[in-house]
Amino acid sequence: MVQKVLRGRGKLMKVAELMDKLNMKKPLLVCGDRLAGVFAEKASGVEFAHFKGYHPNPDYADCAAGAAMYREQGCDGLISLGGGSAMDTAKAIKAMLIAENEEKALQSVLPDEAVLPHIAIPGTAGTGAEATQIAVVYVDNQKVSISHPALLPEGIVLDAALLDTLPEYHKKACALDALCQGVESYWAKAATDESQVHAYLAVIGVLDNIRAYLAGDIHAAEAMLEASYRSGRAIQISRTTAAHAMSYQITKKLGLAHGHACMLTLPVLWDYMIDYADALPALMDLAQKMRLGSEYMGSRLLAGLLIDLGMEPEFMPDEDTLDALADSVNVERLGNHPMPLTRDELKKIYRRAFTRRAGADRQVCIDLWKYYGK
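Right under this line is the structure:
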């Protein structure tokens, strides 16, 4: 399925045209109150039902409520507006609507030819969820990934004007999510030539534009939104690796935003992989694509970016928390990571991720990012 994509500032006002192409008359709009107001203003004349009853980490019960509203309101399509939570919720609602029952929806047993269009409109530059077929939801506090080609949104609107009012921390964390997805996709075992092209565009798109984006440059915002979309295209093919797997409980236990949590472990994982022969070629290639002279600079550049953004870890979790973080990662599900990791290694990586760099090493990281691209 080839997604229909509208790009450019102000394109939200053209969403009715995209709805017509997808034969959508009355969508269920999945988003918060503020963005629902923006949608009503920009897409004037569009009739919709509004579903806002979902959590930042979508709960499957919330999605069931959304599916019930869809039926009650006589909707004929979905529009998700916002970050990954809104888009994942909409995908899970779709899974519930087209599956034979809830059990099959959770098992990703869905019909291939179901006609229920979904337009995804990212309100952040980070998750790339508009370009993936995966919905992450929680059932009894356990993460479940529903994945099926039928859940890939049929339409996308990339309107960078939606990024203008985001809080600064949110902008930073989302940008780091896109960067992490690009890096992880590039080195993933399941990477292909196509996914690495998208991953490269995501990584360079973030690195080259994040400064200007955070300074308010509207053209950089468009580039960041495109980089986020490319990161989604990349992981749709390759999936993510250890940094993402290790991030979820950092978010749940310590409250850090998802992208921030991913970036804490990413430089440490890069350093770990340098001594693993099978992973080294991908690191060398990625470092060259990032315009770095050596694979040893990759982790330091990423650490320097984290320092510059003021997003270094503020404290070291206690031993019980480190143990809980390490225990939360299923090592058998890390098969896409370039090197095997044991539970004890995961704990060491968590410990190093929460240790601030110091001395000469810290200054190298700062200088490498300070002069990157100049």
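In the working numbering, each number is its position in the sequence shown, counted from 1, plus 371. Note that beta-carbon positions come from the ideal geometry of N, C-alpha and C, so glycine has one too.
Contact check, residue i vs residue j, beta carbons under 8 Å
i    : j    : result
A439 : G424 : no
A570 : Y584 : no
L637 : V554 : yes
L399 : Y441 : yes
R601 : A573 : yes
K465 : L522 : yes
L393 : E597 : no
P709 : D649 : yes
G499 : S599 : yes
E418 : M458 : no
I589 : A531 : yes
Alpha-carbon to alpha-carbon, residue j and residue i
i    : j    : result
D548 : L487 : 29 Å
E683 : T612 : 22 Å
A461 : I450 : 7 Å
D579 : D483 : 39 Å
G381 : P493 : 13 Å
A491 : A729 : 42 Å
I737 : H489 : 43 Å
E593 : A411 : 22 Å
D732 : V577 : 24 Å
Own chain, CB closer than 8 Å to residue i, minus 5 neighbours either side, in chain order
i    : result
K385 : L377 and V528
T622 : N428, A628, H629 and A632
K741 : G675 and D679
Nonlocal neighbours in the same chain, by C-beta distance under 6 Å from residue i, ignoring five residues either side
i    : result
A628 : A544
N472 : none
A591 : N580, A583 and Y584
Spatial neighbours of residue i in its chain, beta-carbon cut-off 7 Å, leaving aside the 5 residues before and after
i    : result
A614 : C551, E555, C633, T636, L637 and L640
Y344 : What the structure shows of the chain is the stretch from 372 to 745, and residue 344 is not part of that stretch, so it cannot be assessed.
D433 : G424, Y425, H426 and T460
G445 : K397
From the options, residue whose alpha carbon lies closest to that of residue i
i    : options                   : result
F686 : A432, A496, L625 and G448 : L625
H721 : G603, A420, A387 and A697 : It should be pointed out that residue 721 corresponds to Tyr in this sequence rather than to His. Minimum Cα distance to Y721 is reached at A697.
R723 : E539, P688 and G526       : P688
K718 : H489, L693, H590 and V508 : L693
V480 : D530, D391, S516 and L452 : S516
Y647 : L677, L712 and S609       : L712
G603 : G455, S415 and E474       : G455
Chain C within 8 Å of residue i, Cβ atoms only
i    : result
G664 : Included in the structure is just one protein chain, with no chain C present.
Rounded distance between the beta-carbons of residue j and residue i, thought under 8 Å
i    : j    : result
T495 : I606 : 16 Å between Cβ atoms; not a contact.
L468 : C402 : Actually they do not touch by this definition, with Cβ atoms about 18 Å apart.
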